[in-house]
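K.L.:
Before I ask anything, here is the structure I am working with.
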Amino acid sequence: MALSFKLLDGVFLSSRCHRQNALHPLLGPLLTDCISKLYSSYRRPGTAPDNTPPWKMNFSFEKGVDGIKKHFGLLKKELVDHWKGPEGYRLDEYLLAQTRVVWEFRSQKDLDEWVVSSDAEIGGKSEAYLKLGKNNQTALLYGTLNTEAPRDGETGYSGYCAMRSKPPKGAFETKKYYDWSNFNSLYLRIRGDGRPWMINIYTNPYFSHQKDDLYNYFMFTRGGPYWQEIKIPFSKFFLSSRGRIQDDQHPLWLDKISTVGFTLGDKADGPFQLEIDFIGLLNDRAHTEEFAYEKYERNPKV
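So for the sequence shown, UniProt numbering puts the first residue at 1; every next one is plus one.
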């Protein structure tokens, strides 16, 4: 009996995760501690797995009621936006728009739509923080980059800090995506310290083996007291997977945008600072390039 229980233990843990995922849209606000662990599967080398049983979850009735009110409010907004037009815009505004601001940073609520991370999650020593800038009109991402690798015997390199938007969610935690197919460029107003940053765009994968695919392009900041407006055509973004540029390149899927992020990893130890006014979209009529990189035919016909 002991042997059979041991063999079924992994199945029990797996089925428990499936049940939590299934109940997440309804019980997510109630199960405040355990549900958050479903979003992070990383475990540092040498640490024991967290096998906390489901009956020891933190239960908060007050947060559950607030969560239900929030989701019904989102459902009402989705229904109203559906009758207005695509994504809540009138049809003429949606089709003829030249610019659109997707993120602007004017309150703590705007900052809550973003997640800050660093190599501290894998045992590194870098630090990254996000706060409102002067007069609460910008977002200030700052911290210290440290390339010293953790001494766990497995991690060979370290030194990164990142900021990433949370994926959009609908009522009751339904998946939603940004549709940017009417625009051809990413438009930002930023003020940096001279360091190069990598902009990352994650799209909804059509197949499970594409879950690590990421579109990247570099953003070079000038430094100094002056703001700079940066326009990056979507045709310039190249495909990578797990940090490696792929030979088989294809254009960015603009109708299934999930997240946008900024990563610093220039291997220069020391403090950094990036101030962001807004992140938006631009439809540049003068830009007609479809894709900047060579595409290979997998099975060419002779």
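Using N, Cα and C, we set each Cβ at its ideal position, and we do this for glycine too.
Helix, strand or coil for Phe207? Go by DSSP, reduced to three states.
P.N.:
coil
K.L.:
Have a look at Leu239, Pro300, Trp197 and Gly192 and flag the residue whose alpha-carbon is nearest the alpha-carbon of Pro205.
P.N.:
Leu239
K.L.:
Would you mind sorting Ser208 into buried or exposed? The rule is 16 or more other CB atoms within 10 Å of its CB.
P.N.:
exposed
K.L.:
For Leu186, which residues from the same chain have a beta carbon less than 6 Å from its beta carbon, with the 5 sequence-adjacent residues on both sides left out?
P.N.:
Here the set comprises Ile232.
K.L.:
For Asp275, count neighbouring Cβ atoms within 10 angstroms of its own Cβ and tell me buried if that reaches 16, exposed if not.
P.N.:
It is worth fixing the name first, because residue 275 is Glu in this sequence and not Asp. Classification of Glu275: buried, given that the 10 Å Cβ count is 16 or more.
K.L.:
Would Thr288 be called buried (16 or more neighbouring beta carbons within 10 Å of its own) or exposed?
P.N.:
exposed
K.L.:
Label Tyr160 either buried or exposed according to how many other C-beta atoms from any shown protein chain fall within 10 Å of its C-beta, with 16 as the threshold for buried.
P.N.:
buried
K.L.:
For Thr259 and Arg106, I'd like the C-alpha separation in whole angstroms.
P.N.:
Spanning the two alpha carbons is a distance of roughly 20 Å.
K.L.:
So which of Gly223, Asp193 and Lys169 has the shortest CA-CA distance to Lys77?
P.N.:
Residue Lys169 is the option with its Cα nearest to Lys77.
K.L.:
With a Cβ-Cβ cutoff of 8 Å, do Phe272 and Tyr89 count as a contact?
P.N.:
In this structure, Tyr89 does not lie closer than 8 Å to Phe272 by Cβ.
K.L.:
To the nearest angstrom, how far is it from the Cα of Arg151 to the Cα of Leu130?
P.N.:
27 Å
K.L.:
Quick check: what's the CA-CA separation for Gly73 versus Lys175?
P.N.:
16 Å
K.L.:
Would you list the residues sitting across from Leu95 in a DSSP beta bridge?
P.N.:
The partner list for Leu95 (beta bridge, DSSP) is empty, contrary to what the question assumes.
K.L.:
May I ask you to verify whether the segment 208 to 220 touches the segment 278 to 288, counting CB pairs closer than 8 Å and requiring at least 3?
P.N.:
no
K.L.:
By DSSP's criteria, Ala128 is part of a beta bridge. Which residues make up the other side?
P.N.:
According to DSSP, which records beta bridges pairwise, Ala128 is partnered with Gly143.
K.L.:
Could you round the C-beta distance between Ser158 and Thr147 to whole angstroms and report it? I think they count as a contact, below 8 Å.
P.N.:
6 Å
K.L.:
Here's the rule I'm using: 16 or more other beta-carbon atoms within 10 Å means buried, otherwise exposed. How should Thr99 be labelled?
P.N.:
exposed
K.L.:
Flag this pair as yes or no: are the beta carbons of Tyr178 and Ile230 separated by less than 8 Å?
P.N.:
no
K.L.:
Leaving out the 5 sequence neighbours to the left and right, which residues in its chain are closer than 7 Å to Tyr202 when beta-carbon positions are compared?
P.N.:
Close CB contacts of Tyr202 within its chain, under the 7 Å cut and outside five residues either way in sequence, are with Leu214, Ser258 and Thr259 (chain order).
K.L.:
Can you name the residues that DSSP bridges to Pro239?
P.N.:
Residue identity check: residue 239 is Leu in the sequence provided, not Pro. Answer by DSSP bridge pairing, in chain order: Tyr215.
K.L.:
Would you identify the three-state DSSP class for Glu175, choosing helix, strand or coil?
P.N.:
What sits at residue 175 in the sequence shown is Lys, not Glu. Looking at Lys175 - three-state DSSP - the assignment turns out to be strand.
K.L.:
What residue does the beta strand (DSSP E) around Trp180 start on, and which one ends it?
P.N.:
Segment: none, Trp180 is in no beta strand (DSSP E) and carries neither H nor E.
K.L.:
Would you kindly work out how many angstroms separate the C-alpha atoms of Tyr102 and Lys125, rounded to a whole number?
P.N.:
The sequence as given places Val at residue 102; Tyr does not occur at that position. Cα to Cα, the separation comes out at about 32 Å.
K.L.:
Mind reading off the beta-carbon distance from Leu79 to Leu264? Whole number of angstroms is fine, and I expect it under 8 Å.
P.N.:
41 Å between Cβ atoms; not a contact.
K.L.:
Can you tell me whether Ile199 is buried or exposed, with buried defined as 16 or more other CB within 10 angstroms of its CB?
P.N.:
buried
K.L.:
Please tell me whether Thr221 and Asp193 are closer than 8 Å, where the distance is taken between their beta carbons.
P.N.:
yes
K.L.:
Taking only the alpha-carbon atoms, compute the straight-line gap between Pro123 and Ser117 and give it to the nearest angstrom.
P.N.:
Position check: residue 123 holds Gly in this sequence, whereas Pro was assumed. In a straight line, the C-alpha of Gly123 is about 12 Å away from that of Ser117.
K.L.:
Run through DSSP, which three-state label would Phe291 get?
P.N.:
coil
K.L.:
State the start and end residues of the unbroken alpha helix (DSSP H) segment that holds Glu62.
P.N.:
Phe61 to Lys84
K.L.:
Looking at the strands, I want to know which residues DSSP matches up with Gln246.
P.N.:
DSSP output for Gln246 lists no bridge partner at all.
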